[in-house]
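Trainee: My numbering numbers the first residue of the sequence shown as 38 and each following residue consecutively.
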Amino acid sequence: ALNGTRADPASIFPFYQASVEKVVQISDGNKVNYNNIQIIAVKIKNSDPDAIGLKIITPSFSLGYTSKTKYASLVRESFKGVEILILELPLFALKKSEDGLSLAEAERLISEVKPKVAVLTGFGIEILKQDILEITRNMNRRTNIQIIAANDGFSFDPTSYAVKLRQKRLSF
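1) Could you check how far apart the C-beta atoms of A88 and S104 are, in whole angstroms? I think they sit under 8 Å.
2) For the candidate residues F52, L146, N70, V57, whose alpha-carbon lies nearest to that of E114?
3) Measure from the alpha carbon of D65 to the alpha carbon of each residue in S56, F52, G41, K92, then state which is nearest.
4) Please classify T106: is it buried, with 16 or more other beta-carbons within 10 angstroms of its beta-carbon, or exposed?
5) What do you get for I81, buried or exposed, if any count of 16 or more other CB atoms within 10 angstroms of its CB means buried?
6) Say whether the stretch 141-156 touches the stretch 115-129, bearing in mind that this needs 3 or more beta-carbon pairs closer than 8 Å, one atom from each stretch.
7) Between the C-alpha atoms of R179 and T173, what's the straight-line distance to the nearest angstrom?
8) Which whole-angstrom value is the C-beta distance of Q127 and F160, which I expect to be below 8 Å?
9) Figure out for me which residue from L39, V79, I169 has the closest Cα to the Cα of V60.
10) I need the straight-line Cα distance from A143 to G90, nearest angstrom please.
11) Please report the distance separating the alpha-carbon of A78 from that of Q62.
12) Who are the near neighbours of I74 in its chain, counting only those whose CB is closer than 6 Å to its CB and skipping five residues on each side?
13) Count the other C-beta atoms from every protein chain shown that fall within 10 angstroms of the C-beta of A130, then say buried if there are 16 or more, exposed otherwise.
14) Around the C-beta of R206, are 16 or more other C-beta atoms found within 10 angstroms, so that it is buried, or is it exposed?
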């Protein structure tokens, strides 16, 4: 619940709600248009039935954020066609009892969605114990998709990956 109850605290603390211009509560299937940007709430596979991912469509690029999800065909279909895919990667190996993608599931999802770039974030302790740069290099080789391992404070310009804005090469 956005504002929370005694039994279920606010999902976004009032301090943070006051820090933005507008707070909109959305659920699976809802679309919000704001300043020429469309935000679509998409269903993911999580033990919380209200958990959602986001698909963001701008005039320049499209982006998908999986949130903490298990692999499922509905997740794949929700994000098909996005140019940038941001995935939370909490698990090194599959654990059926836990929400979140394993390394193999993340690679499968990336291969099936086929974004121009995938950003891995939300690493669990098992992943952090590994060489994440080597993991992303290997995933890149196997998928032929650019994969970035985000760290704290990471930022990048999504328009540099946008198909619509990419400069065409001239051949002579």
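Think of the CB as a built atom: it goes at the ideal place given N, C-alpha and C, for glycine as much as any other residue.
What you are looking at is a predicted structure, and each value in this text was computed from that prediction instead of being measured.
Mentor: Taking the structure as given:
1) For the purposes of this step, residue 88 is taken as the residue at position 51 of the sequence shown. For the purposes of this step, residue 104 is taken as the residue at position 67 of the sequence shown. That belief holds up - the Cβ atoms of A88 and S104 are roughly 6 Å apart, short of 8 Å.
2) By 1-based counting over the sequence shown, the position of residue 114 is 77. Sorting F52, L146, N70, V57 by C-alpha distance to the C-alpha of E114 places L146 at the top.
3) Locating residue 65 in the sequence shown gives position 28, counting from the first residue. Nearest C-alpha to D65 among S56, F52, G41, K92: K92.
4) Sequence index remark: in the sequence shown, residue 106 carries index 69 (1-based). By the neighbour-count rule (16 or more Cβ atoms within 10 Å), T106 is buried.
5) For the purposes of this step, residue 81 is taken as the residue at position 44 of the sequence shown. So I81 counts as buried.
6) Verdict: yes, contact present.
7) Stepping through the sequence shown from its first residue, residue 179 is reached at position 142. Stepping through the sequence shown from its first residue, residue 173 is reached at position 136. Whole-angstrom Cα-Cα distance: 10 Å.
8) As a working note, residue 127 is residue 90 in the sequence shown. As a working note, residue 160 is residue 123 in the sequence shown. Residue 127 is actually Pro in this sequence, not Gln. The distance from the Cβ of P127 to that of F160 is about 7 Å, consistent with a contact at the 8 Å cut-off.
9) As a position in the sequence shown, residue 60 is number 23, starting the count at 1. Closest by alpha carbon: L39.
10) In the sequence shown, residue 143 corresponds to position 106, counting from 1. In the sequence shown, residue 90 corresponds to position 53, counting from 1. Just so you know, the alpha carbons of A143 and G90 end up roughly 15 Å apart.
11) What you label residue 78 is simply residue 41 of the sequence shown in a count that begins at 1. What you label residue 62 is simply residue 25 of the sequence shown in a count that begins at 1. Cα to Cα, the separation comes out at about 10 Å.
12) Taking the first residue of the sequence shown as 1, we reach residue 74 at position 37. For I74, where only same-chain residues beyond five positions count, the Cβ hits under 6 Å are T95.
13) Within the sequence shown, the letter at position 93 stands for residue 130. With fewer than 16 other Cβ atoms from the protein chains shown falling within 10 Å of its own Cβ, A130 counts as exposed.
14) Here the question's residue 206 lines up with position 169 in the sequence shown. Note that R206 scores a pLDDT of 48, beneath 50, so its modelled location is shaky; the value from the coordinates is reported in the next line. The residue in question, R206, is exposed, as its Cβ has fewer than 16 Cβ neighbours within 10 Å.
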